Amino acid sequence: MSKFCNLRCRYCYEFPSLGDRTAMSVPQVRTLIRHVGEWLADQPGREADFVWHGGEPLLMPGSFYHEVKQAQQEFLEPAGVPYANSVQTNLYRLTDDDITLMRDVFDEVGVSVDLVGGQRVNIAGRSAQPRILTHMQQLRDAGVPFGCITVLSRATAPHVAAIHRFFEDTDLGFRLLPIYRTGYAGQQAAHELEAAEIVEALKTVTDRWLSSDSFIRVEPIHGYAAHVLHALSGEQRSYYDKEHGETIFIVDTDGSVYSNGDAYDPALRHGNIFTETVPRMRRSPGFAEALRQSRRRVLDTCTGCRFHGSCTGFFSAESTPEQRWRDPLTGRLLCGVALPVQRYIEERLTALGLVDTVSRRLDRTLLQQRAVG
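Straight run, no breaks: the sequence shown in this note's numbering ends on number 681.
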């Protein structure tokens, strides 16, 4: 809703806009919610999950989010559309009003915290870490549940075991999120990892996840393991296609709508949700081109993969340019992370004696405990 921020994290893909106070207005957000409700009213079983991002979303007035909630009650509830709100905050600022907002409006709270690396700094260039950790404890003391996201970068990758240990000791679920967007040319040269380096870091976390006595949720390992379980069980297969089941839309501050992998490419812009309905945007040339490119990536990357159908193909379909890894010799598009990590999880399950390598049957007892946890 605004890109304005009180931090200057060095890898942030919104870095050029972090001083921009331009924000969505309440009338614009009301229109957005109305258009979403009209679209989903004819799609039973689908839910509207609003993830409020920035910048720093908690710098918006609390009244803004109460207006959001009112609009959702007005437009979504009569249409029978289930909805939820979550916020992704850097937690550098935390007031009593913020805590009340988290209780009254937000169903989920995500905190961005790296623990190591020194890349999350304030406007003066000083580490934001001590204050964020203090505020995390305040949230716990206030009984506000939350999870965390840690950016997987060149600075944090060597420390993933220690990062997992921290969250294990504090009983907090977390996601390791590799850098996946760039704010300007050359920004990520010192930060982003090659696909093979991401895989090695996730293998380390996989080993810790499998051997841990804790049942914290660790993403993306949890999701990858679910795909492996699904493939081994022979259950019904599912395939992602953005035309019939797109799951993520990114809405820019001006109302422009993009698919997950395409922000902020003007050639792949669907339209403007402040002025256009969702069905109209999905008939636009921008959406048609985004759809064509997405299907091409799945065809090139997922064809013949034994996990395809358990892994829906979303990772390729909605990959950002930074996530479209290619074979250095052939130039062929590769599934650079999801496939090798899923193979590794399957190998580890086999080595632990949980998979019958002859019949490929799965001993689910321990794994179900781990997955449910």
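We put the CB at the ideal spot given by N, CA and C, even for glycine. Treat the numbers as computed from the prediction; the structure is a model and nothing was measured.
Where Arg483 is concerned, there is no enclosing alpha helix (DSSP H), although the beta strand (DSSP E) around it starts and stops at Phe482 to Pro486.
The Cβ atoms of Thr464 and Gly425 sit closer than 7 angstroms to each other. Judged by their CB atoms, Tyr400 and Leu315 are nearer to each other than the 7 angstroms cut-off.
When the Cα atoms are used, Thr330 and Lys311 turn out to be separated by approximately 7 angstroms. Note on geometry: alpha-carbon atoms of Thr408 and Leu607 lie some 47 angstroms from one another.
For Gly455, the uninterrupted beta strand (DSSP E) run begins and ends at Gly455 to Leu460, by DSSP. Sequence-distant Cβ neighbours of His472 in its own chain, meaning closer than 6 angstroms and more than five residues away, are Val513 and Arg516. Closest option to Leu480, judged by alpha-carbon separation, among Leu326, Glu502 and Val452: Val452. By the CB criterion at 7 angstroms, Leu518 and Arg651 fall outside the cutoff. Note on Ile431: under 16 other CB atoms within 10 angstroms of its CB, so exposed under the neighbour-count rule.
Look at the beta carbons and you see the stretch 627-646 not touching the stretch 575-583: under three pairs across the two are nearer than 8 angstroms.
For Ala575, no alpha helix (DSSP H) run applies, since DSSP gives it neither H nor E. For Leu599 and Asp404, the gap between their C-alpha atoms comes out near 44 angstroms. Counting along the chain, Tyr532 sits inside no beta strand (DSSP E); it lies in the alpha helix (DSSP H) bounded by residues Ile529 to Ser541.
Separation of Val337 and Val376 (C-alpha to C-alpha, rounded to the nearest whole angstrom) is 7 angstroms. Residue environment: Gln351 is assigned as exposed (fewer than 16 neighbouring CB atoms within 10 Å of its CB, all protein chains considered). Between the alpha carbons of Tyr566 and Ser522 lies a distance of about 38 angstroms. With contact defined as three or more Cβ pairs closer than 8 angstroms, the stretch 523-532 and the stretch 581-590 are not in contact. Look at Ala331 here: in three-state DSSP terms it is strand. The count of Cβ pairs closer than 8 angstroms, one atom from the stretch 607-627 and one from the stretch 367-385, stays below three, leaving the stretches out of contact. In this structure, Gly569 keeps its C-beta atom at 7 angstroms or more from the C-beta atom of Glu527. For Val395, there is no enclosing alpha helix (DSSP H); the enclosing beta strand (DSSP E) covers residues Tyr391 to Thr397.
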